[in-house]
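Shown next, in structure tokens, is the structure this report addresses.
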Amino acid sequence: MKPTLKLIIIMLIFTGAFADNKDIILFNVKKSDKVTTKSIEDTFTKAGYIVETNRDMNGPFIKQFKDTNFSIYNLMTLYYPEITKDLLVKYEESGVFAPFSIVIYQKKGDDAIYAGVLSSSAQAKILGLSYNNELLQKLEAKNIETLLKALPGAKRVKFNYTPKAVTNKLLTRFEVEIDDEDIDIEEFKEEIEMVIEDGLKPIGFVMANFFDSNYFLNENNIKIYDFYDTYSLCKLKVIYTVSKMHPEAGVFAPCTMALYKKKGSNNVKIVYPNVYNWISTLAIDDPESVKVLEKAQADMVELLQKVND
7 MKPTLKLIII MLIFTGAFAD NKDIILFNVK KSDKVTTKSI EDTFTKAGYI VETNRDMNGP
67 FIKQFKDTNF SIYNLMTLYY PEITKDLLVK YEESGVFAPF SIVIYQKKGD DAIYAGVLSS
127 SAQAKILGLS YNNELLQKLE AKNIETLLKA LPGAKRVKFN YTPKAVTNKL LTRFEVEIDD
187 EDIDIEEFKE EIEMVIEDGL KPIGFVMANF FDSNYFLNEN NIKIYDFYDT YSLCKLKVIY
247 TVSKMHPEAG VFAPCTMALY KKKGSNNVKI VYPNVYNWIS TLAIDDPESV KVLEKAQADM
307 VELLQKVND
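Quick note on this note's numbering: the sequence shown kicks off at 7 and runs consecutively.
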């Protein structure tokens, strides 16, 4: 027996009422003088995180675009040393979350402040790992615990949409082969980084942070890489455009690009989470947002292709 039209409508309403986005962990609490971007940063620092940057994006929004939807919009990049170390040892591409991002924002006219981060299952999906990866779940638990300390009395935000199906690879990868056994590895790396760094500004990207992961690993007596550098990259037009409809997009920004070489390998690898993460997780379909995201992706691919020239 086929369901009646009335039943179909009820089923759709029922399904829509339970729409949510489990890829993003977002909390909100009423704003007070005790809860600020600095107090949130301090809470994470006291919990053992290394905060690389806590960047105010609202000022640049106003300066470049003469407008903003927010009273506060900060992107904080950070990492938790012990878990980051274990991830880098076990999964070479996990450096794309070293550091990772926490978005902090308050909309104009809203008395609530929000703070959010990607879930462990979202990180696992990007890295191609099991959704119940033990290390990522351990990091998620620490992130939630610290967010709740930073936002006393906060409640988890439910979204009115679910992520779109993934139709593209979520990591963009490049490899540069070393065909000279006598090459100076450090000089070779510096040449690659010069091409990347010189090419960022012309395509509208800024390097928000640089992290020498290998120095960090060597301090812990882990010597599996010849080098491992990560860049936190941000394109202001992208986050400004997408955040107007999806403030939670800041969990993806800045994007961390990893550049590394494992000992014994003849290949330098470059990897970063691409814009299809944004489009899928945030269920983006408005033409303006898709256009700026795909332009950023195309420009970055074109830049990295020059590394092999």
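Ideal Cβ placement from N, Cα and C applies to all residues, glycine included.
Check: Considering just the uninterrupted stretch of the beta strand (DSSP E) at V172, what are its terminal residues?; Outcome: Counting along the chain, V172 falls outside any beta strand (DSSP E), and DSSP gives it neither H nor E.
Check: List the endpoints of the continuous alpha helix (DSSP H) containing E249.; Outcome: First, the residue type needs correcting, since residue 249 is Ser and not Glu in the sequence shown. Taken as a continuous stretch (DSSP letters only), the alpha helix (DSSP H) holding S249 covers 242-249.
Check: Tell me whether M63 sits in a helix, a strand or coil according to DSSP, three-state version.; Outcome: coil
Check: Do the CB positions of E259 and F165 come within less than 8 Å of each other?; Outcome: Residue identity check: residue 259 is Ala in the sequence provided, not Glu. Contact: no.
Check: With 16 other CB atoms within 10 Å as the buried threshold, where does F101 fall?; Outcome: As written in the sequence, residue 101 is Gly, which differs from the Phe given in the question. That one is buried.
Check: Hey, how far is the Cα of T152 from the Cα of D185?; Outcome: 47 Å
Check: Assuming N64 contacts I110 under a Cβ cut-off of 8 Å, what Cβ separation, rounded to an integer in Å, is found between them?; Outcome: So it is not a contact: roughly 10 Å between Cβ atoms.
Check: With a threshold of 8 Å on Cβ separation, who are the neighbours of V248 within its own chain once the five nearest residues in sequence on each side are excluded?; Outcome: A255, W284, L288, I290, S295, V298, L299
Check: Tell me whether L18 is buried or exposed, calling it buried when 16 or more other Cβ atoms sit within 10 Å of its Cβ.; Outcome: The pLDDT assigned to L18 is 43, lower than 50, so where the model puts this residue is not dependable, and the model offers no usable value.
Check: Use the C-beta contact count for T178: other C-beta atoms within 10 angstroms, 16 or more gives buried, fewer gives exposed.; Outcome: buried
Check: Looking at C-beta atoms only, is the number of pairs between the segment 205-220 and the segment 234-249 that lie closer than 8 Å three or more?; Outcome: yes
Check: In its own chain, which residues sit with a C-beta less than 6 Å from the C-beta of L376, not counting the 5 before and 5 after it?; Outcome: Because residue 376 is not part of the residues shown, which for the chain are 7 to 315, the question remains open.
Check: Does any residue of chain D have a CB that is nearer than 8 Å to the CB of L239?; Outcome: The structure shown contains no chain D, having only a single protein chain.
Check: Compute the distance between the beta-carbons of F33 and R162, then report whether it is under 8 Å.; Outcome: yes
Check: Using 8 Å as the threshold, is the C-beta distance between F180 and P105 below it?; Outcome: no
Check: Comparing alpha-carbon positions, which option in N27, D92, E193, D62 lies nearest N227?; Outcome: D92
Check: For L133, collect the residues of the same chain with a Cβ closer than 7 Å to its Cβ; drop the 5 residues on either side in sequence, then sort them by chain order.; Outcome: Y97, E99, S100
Check: Identify whether V325 lies in helix, strand or coil by the three-state DSSP scheme.; Outcome: What the structure shows of the chain is the stretch from 7 to 315, and residue 325 is not part of that stretch, so it cannot be assessed.
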